[in-house]
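According to the numbering used here, the sequence shown is numbered sequentially starting from 44. We put the CB at the ideal spot given by N, CA and C, even for glycine. Here the structure is laid out as structure tokens; the discussion comes afterwards.
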Amino acid sequence: MNGRLIPWFTYVEKRPAMQGCPSNGVLALRVEWDGSGEVVRISGLVTGPAREVVFVDRTVDPAILTSAEMDAQVRAGVLALGADASS
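What follows is the structure, given as structure tokens:
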């Protein structure tokens with residue numbers, strides 16, 4: 044698998060579905076893809092405490108097919124981080 048880190052603000056800027064989504068401590072997203080160029084996993088690098096949180100893992104849930112579905116999963120995961128921090 045290949046991958047790359049994308050700063051949070053860059054991801055939000057490029058993905059219209061993410062506009063207005065707070066970072067909730069996510070500094071960057073690690074996007075990994077397979078040999079055919081298909082996105083396999085998206086995880087967030089989070090502060091306080093520092094950790095990596097997986098938002099999309101198509102090796103576990105291959106039914107996630109579209110970029111809109113991936114954005115929805117990432118957005119839901121990031122919003123859940125905010126909910127966890129406020130409880």
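Distance between residue j and residue i (C-alpha atoms, nearest Å)
i, j, result
"residue 65", "residue 125", "8 Å"
"residue 82", "residue 76", "4 Å"
"residue 105", "residue 84", "11 Å"
"residue 51", "residue 111", "17 Å"
"residue 78", "residue 89", "27 Å"
First through last residue of the alpha helix (DSSP H) which encompasses residue i
i, result
"residue 55", "51-57"
Neighbourhood of residue i by C-beta, 7 Å cutoff - its chain only, sequence neighbours within 5 removed
i, result
"residue 107", "99, 101, 113 and 116"
Enclosing beta strand (DSSP E) for residue i [first to last residue]
i, result
"residue 81", "Residue 81 -> no beta strand (DSSP E), and no H or E assigned at all."
"residue 104", "Residue 104 -> no beta strand (DSSP E), and no H or E assigned at all."
For residue i, three-class secondary structure by DSSP
i, result
"residue 93", "coil"
"residue 120", "helix"
"residue 68", "coil"
Contacts around residue i, its chain only, beta-carbon distance under 8 Å, and the 5 residues preceding and following it disregarded
i, result
"residue 121", "64, 65, 66, 67, 69, 87 and 98"
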